[in-house]
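S.K.:
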Amino acid sequence: MDGVPDGVPRVPEQRRPDHASTSPEPATPDRPTEPGDSMTLRFSVLGPVRARRGDEPVTTGSPQQRALLAALLLREGRTATAAELIDALWGEEPPSQALAAVRTYASRLRKVLAPGGEGGSGGTDGDAVLVSESGGYAIRGLAESALDLTVAQDLATEAEKARSAGDLCHARATLRRALALWDGETLAGVPGPYAQAQRVRLEEWRLQLLESRLDMDLEQGCHAEAVSELTALTAAHPLRERLRELLMLALYRSGRQAEALAVYADTRRLLADELGVDPRPGLSELQQRILQADPALAEPSSPAPEPASIPVRPAQLPASVPDFTGRSGFVRELGDILASAEGRVMAVSALAGIGGVGKTTLAVHVAHRARAAFPDGQLYVDLQGAGARAAEPETVLGSFLRALGTADSAIPDSLEERAALYRSVLAGRRVLVLLDNARDAAQVRPLLPGTDGCAALVTSRMRMVDLAGAHLIDLDVMAPDEALALFTKIVGEERVASERTAALDVVAACGFLPLAIRIAASRLAARRTWTVSVLAAKLADERRRLDELQAGDLAVKATFELGYGQLEPAQARAFRLLGLADGPDISLAAAAAVLDLPAEETEDLLESLVDTSLLESAAPGRYRFHDLVRLYARACAERDELPPSERSSALSRLLDFYLASAARVYAIERPGDRLVDHLEPTSYPGLRFGSRHAAQDWLYAEAICLLACVRQSAGRPETLPRAIDMLWAAHDLSESGANSKEYEATAGALVDAARSHGLGRAEARALMTLVNVHHVSGRFEQAEEEAERAILLARESDDLLPVCWARNARGIIALYQNRHTDGEEHLSRAIDHFRALGDRPGEAAALCNLSRIHLATGRTQSAVALAQEGIDIYDGMGNSMRGANARYALGLALTQSGELGKAADRLQEAVEVFRDSRQRLWEGMSLFRLAEVDLAARRAARAAANAEMALTVLRGIGGQWRRGNVLTVLGRALSGIGQTGRAQVCWQEAAAIYEELGSPEAAEVRALLSPVQAA
5 MDGVPDGVPR
15 VPEQRRPDHA
25 STSPEPATPD
35 RPTEPGDSMT
45 LRFSVLGPVR
55 ARRGDEPVTT
65 GSPQQRALLA
75 ALLLREGRTA
85 TAAELIDALW
95 GEEPPSQALA
105 AVRTYASRLR
115 KVLAPGGEGG
125 SGGTDGDAVL
135 VSESGGYAIR
145 GLAESALDLT
155 VAQDLATEAE
165 KARSAGDLCH
175 ARATLRRALA
185 LWDGETLAGV
195 PGPYAQAQRV
205 RLEEWRLQLL
215 ESRLDMDLEQ
225 GCHAEAVSEL
235 TALTAAHPLR
245 ERLRELLMLA
255 LYRSGRQAEA
265 LAVYADTRRL
275 LADELGVDPR
285 PGLSELQQRI
295 LQADPALAEP
305 SSPAPEPASI
315 PVRPAQLPAS
325 VPDFTGRSGF
335 VRELGDILAS
345 AEGRVMAVSA
355 LAGIGGVGKT
365 TLAVHVAHRA
375 RAAFPDGQLY
385 VDLQGAGARA
395 AEPETVLGSF
405 LRALGTADSA
415 IPDSLEERAA
425 LYRSVLAGRR
435 VLVLLDNARD
445 AAQVRPLLPG
455 TDGCAALVTS
465 RMRMVDLAGA
475 HLIDLDVMAP
485 DEALALFTKI
495 VGEERVASER
505 TAALDVVAAC
515 GFLPLAIRIA
525 ASRLAARRTW
535 TVSVLAAKLA
545 DERRRLDELQ
555 AGDLAVKATF
565 ELGYGQLEPA
575 QARAFRLLGL
585 ADGPDISLAA
595 AAAVLDLPAE
605 ETEDLLESLV
615 DTSLLESAAP
625 GRYRFHDLVR
635 LYARACAERD
645 ELPPSERSSA
655 LSRLLDFYLA
665 SAARVYAIER
675 PGDRLVDHLE
685 PTSYPGLRFG
695 SRHAAQDWLY
705 AEAICLLACV
715 RQSAGRPETL
725 PRAIDMLWAA
735 HDLSESGANS
745 KEYEATAGAL
755 VDAARSHGLG
765 RAEARALMTL
775 VNVHHVSGRF
785 EQAEEEAERA
795 ILLARESDDL
805 LPVCWARNAR
815 GIIALYQNRH
825 TDGEEHLSRA
835 IDHFRALGDR
845 PGEAAALCNL
855 SRIHLATGRT
865 QSAVALAQEG
875 IDIYDGMGNS
885 MRGANARYAL
895 GLALTQSGEL
905 GKAADRLQEA
915 VEVFRDSRQR
925 LWEGMSLFRL
935 AEVDLAARRA
945 ARAAANAEMA
955 LTVLRGIGGQ
965 WRRGNVLTVL
975 GRALSGIGQT
985 GRAQVCWQEA
995 AAIYEELGSP
1005 EAAEVRALLS
1015 PVQAA
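For the sequence shown, the residue numbers in this note's numbering are 5 to 1019.
What follows is the structure, given as structure tokens:
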């Protein structure tokens, strides 16, 4: 019924009337279009019919005159006879003066569209855009992109080509551009049967484009995001089965199988009631596949790569390892470069990476595969660049010349002469040269063939950025599936299959480094009494891990030692100290704090370590160690760093840097907030930020590293208070969703650490971070207990700030638990405490929360006043983010007072600020409240869309209680648009949540379900 083809839909053909003109049409416009002439004209039909010359609008006249213009534009330069135009404008009942009216409209349009425009003479006939021909009219001489419909058609064609080529990202983006050209209803306000037919045709095409884009959204895994849009579309087009099919698939892939099946049930009932038909086979088949949990419904996987060419014969190349695994992308890339050597002066590829990453194994494997392209031989040498004495180029050239048939007596003595003879001998030959383990580019240059048809592969721990013309490849560790496959090949499928989880632990402990995996697997293969779990347990101890990773003459530590031994003293110090910091990577500014050096000098040191492959450049300005290299760096720090106190000093500087920077972020986001005045002092400066967005970008970019530093600092009493204050200053991370779990685990660890060290003041502050975590997650009883303890400890240490915020938290928790008297008492005392501290933003927060207590107890007018007072305080201090919280509170009060328009405005303002500030919890809650407003205003479709967006935004944050609230409202909205099956699924899930939590809302939801079940 509404199926969409695999490609991007083309615009449906226009049906021409039987009496359409058959006269031949010119293939090109009557005359070339000149810049500044008709090329500046632009027309729109995908919305109201409009014309513009440059940036100025052109008057298109009455509705009938616009209908004439639209009819000519949609004929794409073809002539329309007067009879056809009369039929287009009036159909079967034209007025008596229809022909004269058409001529009048055409004359007026010709004048306004001519180069002279509305104020000029209208131009000559030769200059006209609207021309008379064979008793009819046509629009000619326009630029290719003059009509928005033409642009949309071109974009749709481009998207179709991109999709056929497998470039879904470009296809999706192009379709979005095409769909953005619509500005409301096509041909809006244009009368006549022709315009009506074209509206139907182009609206159908728009929907097909939209379905095609949504189909690609699902192909790229954006199913959760698509649910909200599809819910609104199915409400607007309830009989369009393709949209229902996409909604079912999106819900299923989002883990909402019951709702997906409910969509099918709603569709079947609707089609039977409205049309007396069953769903089309495709929809029924999808229902069956969902019921059977068909694995093929998962997101589509990419096609398997083409195999590379088959190797032929060896020469000097070492044997390729029989268990070579993975690296398929690099194998293809290098193979393609070597295959292109014929006809080029020389193909050079340089592989760089840390010791043990598999550079030699990959190069040898690729060289064997490429032997057929080099029938004149393959040369190999180990240049020993990682050792104390690297091979001399003249010695290597002598060996190569002998291998190429040169007599000893003919080999000259000097490097320059040997290099020249080497190139001469290779002239006219096709030879592959594998230069393994090179020290630097200077060692490699004399050994390059430099002649047509030859190629060189170079491996080194150094990145050969100064090797002219080389194709550089940075080799990283293996992907987890590749690492497991290598481990399995060595150990044996039978032993790994029964302990797959332990095997994954082993390869992860090896950091997915091929050498480490090979050593670990070889040890296990040689010990038949060991299980994989035994090996995993041995490698779990980080302090012993490097010692465990050695077998025979293979050892990971020895490989790293070679690189470390070649570092300059400043490089070695940087390597040791940077390895002390926890976290997946480190920024340049943070590294400068660790090293206590200027940023420029730090960057030079770090880049030099990147060139040696002991450090990786994760992104511009960010650096990281491989896990095993980090362990080695820490071992070096314990062994070599003198005095030993420098290790703790380095970590203390890092903590100071993060605390000072986080405090500045807090101050920028919350002007006037007194928390920053009560934080532990720091001795190392932090960053300064030019804008609120720059501060936010830093906080979220550094979140994982910042939390790692906090956890690392929890073990020492001298750094624990600063660590706790940093976590408090960065508490936006607990509400962002992306870092909530890590923040919660860190907060719990700090509370335990402070308690174990007997630091009451620090424990009170740590408890406040945990209170916020429990509150965000909907664990209100735990939040209440922690807040009560925080007040006791803070009073004992005379620390008023935690008392203020604990009182505020207990007040809002009491609201959620319907303890309104307690809540009002806590919030009133919080307001007094904040005023005593001179903390105006804190006072505003408590006022807004008190507004909600008043609202819950029926004091609507005072609730509005209190929320407005909070807004006035925040706005007066320029505190936009917390001002959004106040607008949220005011929106709730206005909703209950019946001022729905104002409530929606305030909540929409809050949504925009929260979204801009990356506060996912409050963005989602504001969307939820907007859905409530929409329901009250009887806008069920919009309520469903807002509730769906709230579910998507709150995914993984906010706790189950809030999810139950959103599901309840979503069910009401879906019921309002006739999707009772989905509504029932939502209410059932909400009821299960409330009953598990013991929440009183369970009875309300069960009451909603009762009428549905009775029906």
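Cβ atoms here follow ideal geometry from the backbone N, Cα and C, with glycine treated the same way. These figures come from a predicted structure and were not determined experimentally.
Between Arg692, Glu607, Arg580, which has its C-alpha nearest Leu646's C-alpha?
M.R.: Checking every option, the nearest Cα to that of Leu646 belongs to Arg580.
S.K.: For Gly962, count neighbouring C-beta atoms within 10 Å of its own C-beta (all shown protein chains included) and say buried if the count is 16 or more, exposed if not.
M.R.: Label assigned to Gly962: buried.
S.K.: When the Cα of Tyr704 is compared with those of Leu1013, Phe693, Leu737, Ser930, which residue comes out closest?
M.R.: Comparing Cα positions, the closest option is Leu737.
S.K.: My output table needs one value for Asp440: the three-state DSSP class, helix, strand or coil.
M.R.: Reduced to three states, the DSSP call for Asp440 is strand.
S.K.: Just verifying my parser: in three-state terms, what is the DSSP assignment at Val538?
M.R.: Residue state, collapsed to three classes: helix.
S.K.: With the cut-off set at 8 Å, would you say Ala474 and Ala354 are in Cβ contact?
M.R.: Against a cut-off of 8 Å, the Cβ pair of Ala354 and Ala474 comes out as a contact.
S.K.: Rounded to the nearest angstrom, what separates Gly139 and Thr85 at their Cα positions?
M.R.: Rounded to whole angstroms, Gly139 to Thr85 spans 6 Å at the Cα level.
S.K.: Considering only DSSP beta bridges, list what Val352 is partnered with.
M.R.: Ala460, per the DSSP bridge assignment.
S.K.: Looking only at DSSP bridge pairs, what is Asp478 linked to?
M.R.: Beta-bridge pairing links Asp478 to Ala356.
S.K.: Buried or exposed, going by whether 16 or more other CB atoms sit within 10 Å of the CB of Pro845?
M.R.: With 16 or more other Cβ atoms within 10 Å, it is buried.
S.K.: Counting along the chain, where does the beta strand (DSSP E) carrying Glu621 start and finish?
M.R.: Reading off the sequence shown, one finds Ser at residue 621, where the question assumed Glu. Taken as a continuous stretch (DSSP letters only), the beta strand (DSSP E) holding Ser621 covers 620 to 623.
S.K.: Return the Cβ separation of Asp660 and Tyr688 in integer angstroms, given the expectation that the two are a contact with Cβ distance under 8 Å.
M.R.: Right, the Cβ-Cβ distance comes to about 4 Å (below 8 Å), so this counts as a contact.
S.K.: Which first and last residues belong to the alpha helix (DSSP H) in which Phe47 is found?
M.R.: Segment 45 to 48 is the beta strand (DSSP E) holding Phe47; no alpha helix (DSSP H) there.
S.K.: Quick one: what's got a C-beta closer than 8 Å to Ala529's C-beta in the same chain, skipping five residues either side?
M.R.: These residues qualify, in order along the chain: Ile494, Val495, Gly496.
S.K.: If you follow the beta strand (DSSP E) that Pro61 is in, where does it begin and where does it stop?
M.R.: Pro61 -> beta strand (DSSP E) spans 60 to 62.
S.K.: Could you please give the first and the last residue of the uninterrupted beta strand (DSSP E) stretch that includes Arg674?
M.R.: Counting along the chain, Arg674 falls outside any beta strand (DSSP E), and DSSP gives it neither H nor E.
S.K.: Go to Leu185, then tell me how far its beta strand (DSSP E) extends in each direction, as first and last residue.
M.R.: Careful: Leu185 lies outside any beta strand (DSSP E) and carries neither H nor E.
S.K.: For a test of the three-state rule: what should DSSP assign to Gly762, helix, strand or coil?
M.R.: Three-state result, Gly762: coil.
S.K.: Identify, in the order they occur along the chain, each residue of the same chain with its Cβ nearer than 7 Å to the Cβ of Val989, setting aside the five sequence neighbours on each side.
M.R.: Around Val989: Ala262, Glu263, Ala266.
S.K.: By the DSSP assignment, the alpha helix (DSSP H) with Tyr892 in it spans what residues?
M.R.: Tyr892 -> alpha helix (DSSP H) spans 884 to 900.
S.K.: Report the CB separation of Ala897 from Ala867 in whole angstroms; it is logged as a contact under 8 Å.
M.R.: So it is a contact: roughly 4 Å between Cβ atoms.
S.K.: State the start and end residues of the unbroken alpha helix (DSSP H) segment that holds Arg833.
M.R.: First-last of the alpha helix (DSSP H) with Arg833: 824 to 841.
S.K.: Have a look at Leu461, Gly625, Thr492 and flag the residue whose alpha-carbon is nearest the alpha-carbon of Asp340.
M.R.: Of the candidates Leu461, Gly625, Thr492, the one whose C-alpha sits nearest the C-alpha of Asp340 is Leu461.
S.K.: With three or more beta-carbon pairs closer than 8 Å as the criterion, would you say the stretch 691 to 701 touches the stretch 822 to 832?
M.R.: Output reads no: the stretch 822 to 832 does not touch the stretch 691 to 701.
S.K.: Between which residues of its own chain and Arg833 is the CB-CB distance below 7 Å, once the five residues before and five after are set aside?
M.R.: For Arg833, where only same-chain residues beyond five positions count, the Cβ hits under 7 Å are Arg811.
S.K.: If we ignore side chains and look at the alpha-carbon of each, how far apart do Val352 and Glu650 end up?
M.R.: Cα to Cα, the separation comes out at about 44 Å.
S.K.: Is the beta carbon of Leu1021 less than 8 Å from the beta carbon of Leu250?
M.R.: Within the shown structure, residues of the chain are numbered from 5 to 1019, placing residue 1021 beyond reach of any answer.
S.K.: Specify the secondary structure class of Ile728 as computed by DSSP and reduced to three states.
M.R.: Three-state result, Ile728: helix.
S.K.: Can you tell me the Cα-Cα spacing of Gly3 and Ala240, whole angstroms?
M.R.: This structure cannot speak to residue 3, because the chain is shown only from 5 to 1019.
S.K.: Would you mind stating whether Gly402 and Arg422 have Cβ atoms separated by less than 8 Å?
M.R.: Cβ atoms of Gly402 and Arg422: closer than 8 Å.
S.K.: Return the bridge partner residues of Arg57 from the DSSP annotation.
M.R.: BP columns for Arg57 point to Leu45, Glu60.
S.K.: Would you report the Cα separation of Arg144 and Arg919, rounded to the nearest angstrom?
M.R.: Going by the C-alpha atoms only, they are around 47 Å apart.
S.K.: State the start and end residues of the unbroken beta strand (DSSP E) segment that holds Glu137.
M.R.: Residues 134 to 137.
S.K.: Kindly give me the distance between the Cβ atoms of Ser232 and Ala949, rounded to whole angstroms, as I take these residues to be in contact under 8 Å.
M.R.: Correct: roughly 5 Å between the Cβ atoms.
S.K.: In the DSSP output, which residue or residues are listed as bridge partners for Gly140?
M.R.: The partner list for Gly140 (beta bridge, DSSP) reads Thr85, Glu137.
S.K.: In terms of DSSP beta bridges, what is Ile590 paired with?
M.R.: According to DSSP, which records beta bridges pairwise, Ile590 is partnered with Tyr627.
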